[in-house]
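Report on the structure given below.
Residue numbers (my numbering): 288 to 371.
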């Protein structure tokens, strides 16, 4: 098995993002795209935007950011624009 260095893990995650984006683009489902949109921004339901974030919020932010990246990549693929 390959040693799991940070570069190896990052490469694998990028590959997974590319595969998922391709699948989303090929699926062409508006329902799937809407689902991704709903989850691509974190909803903390706090009234004060300056409030101190709760512990563990970094995971939720990263999750929303990754979903946004997958959706954007899928849109580029669907629209025939070469990925960056």
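Backbone N, C-alpha and C fix where the C-beta goes; we use that ideal spot for every residue, glycine too.
The structure displayed is predicted, hence computed values, not measured ones.
query                                                                          : result
Where the alpha helix (DSSP H) containing residue 345 begins and where it ends : 344 to 365
Whole-Å CB distance - residue 323 paired with residue 311, under 8 Å assumed   : 7 Å
Collapsed DSSP secondary structure at residue 315 in the structure displayed   : coil
Candidates 361, 367, 368, of which the one nearest residue 314 by Cα           : 361
CA nearest to the CA of residue 328, picked from 359, 366, 292                 : 359
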